[in-house]
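**Student:**
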Amino acid sequence: MFHPLFIPIGGTLMYFIITPKYTPLEMQSGNILPIFILTVIIPIICYFILRNLGMVTSVFMPTIQERKYTLYISISLLLMIVYKVIPNNYSSELFYFFFGLITAALSCLLLLFFKFKSSVHLMGMGSLLMYLISLSIHFEINVVIAISALTLATGLVATSRLYLRAHSRSELFVGFLIGTITQLMTLKFWL
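Just so we're aligned, residue 18 is where the sequence shown starts under my numbering, counting upward by one.
1. For Leu22, name the three-state secondary structure that DSSP assigns.
2. With respect to the alpha helix (DSSP H) encompassing Tyr64, which residues constitute its N-terminal and C-terminal limits?
3. For Thr197 versus Gly141, is the C-beta distance shorter than 8 Å?
4. For Leu126, I'd like the list of residues in its chain whose CB is within less than 8 Å of its CB, leaving aside the five on either flank, ordered along the chain.
5. Would Lys132 and Ile195 qualify as a contact pair, given that the criterion is a beta-carbon distance under 8 Å?
6. Identify whether Phe53 lies in helix, strand or coil by the three-state DSSP scheme.
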C-alpha cells in the first residue's frame with residue numbers, strides 16, 4: 018500500500034480531496050488516469066521486461082545496478098507527467114509535487130553512484146508527508162488526523178524496512194530526508 022509506485026497517485030488523490038478549488042471531473046480524471054497509468058501500470062510492465070531480460074533478479078532490487086534501472090525508468094516517467102500530463106490541466110501545487118519527486122529520485126540516483134543505497138520507500142513517504150503538510154498550510158485546512166495517520170504509516174514503513182533488513186538506519190534516514198527536503202525546496206514556488 019505504501020510502495021513507492023503508489024506515492025505519485027497518492028499525492029494526486031490527496032490534492033484533489035483537499036483542494037477547495039473547484040475542479041471539474043474532466044480535469045480530475047484528465048490527471049488521475051494518466052498519472053496512474055504512467056506511475057503504476059507502466060513501471061510494473063517495465064519490471065517484468067527487465068526481469069525477463071535478466072537485468073533484475075527480484076522485486077527487492079538487492080544490487081545497486083538493479084536500483085539504477087528502476088530509478089532511470091521512474092525519472093523518465095515522472096518527467097513525462099510534468100511535461101505532458103500536468104500542463105493540459107495545470108495546477109501549480111501538483112506540478113511542484115512532481116517536480117519535488119523528480120528531484121528526490123535524481124538525488125537517490127546520484128547517491129547510488131557513490132555506492133549508497135538510500136531508501137526509496139522512505140523517500141516517497143517523506144515526500145507525501147511534507148506535501149500533505151504543505152497543502153494543509155496552503156489551503157488553511159485542518160487535516161491533523163490525516164497528517165498524524167501518515168506520520169504513523171511512515172514509522173510503520175521504516176520499521177518494516179528495518180525488520181526485513183532491506184536497509185540500515187542511515188539509509189532510511191537519508192531517504193526520508195531526501196523526500197522531505199526536496200518537497201520543502203519547492204514550497205517557495207507555490208506556497
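Ideal Cβ positions, reconstructed from N, Cα and C, are used throughout, including at glycine.
What you are looking at is a predicted structure, and each value in this text was computed from that prediction instead of being measured.
**Tutor:** So, from the listed chains and residues:
1. As a first step, residue 22 is located in the sequence shown; it is residue number 5 there, counting from the start. Leu22 falls in the helix class under three-state DSSP.
2. Mapped onto the sequence shown, residue 64 falls at position 47. Segment 59 to 69, the alpha helix (DSSP H) holding Tyr64.
3. Within the sequence shown, numbered from 1, the residue matching residue 197 stands at position 180. Within the sequence shown, numbered from 1, the residue matching residue 141 stands at position 124. Taking 8 Å as the Cβ cut-off, Thr197 and Gly141 do not qualify as a contacting pair.
4. Counting from one through the sequence shown, the residue named residue 126 turns up at place 109. Lys85, Leu88, Tyr89, Ile92.
5. To locate residue 132, count along the sequence shown from 1; it is residue 115. To locate residue 195, count along the sequence shown from 1; it is residue 178. No, the Cβ-Cβ distance between Lys132 and Ile195 is not below 8 Å.
6. One-based indexing of the sequence shown puts residue 53 at position 36. Correct three-state label for Phe53: helix.
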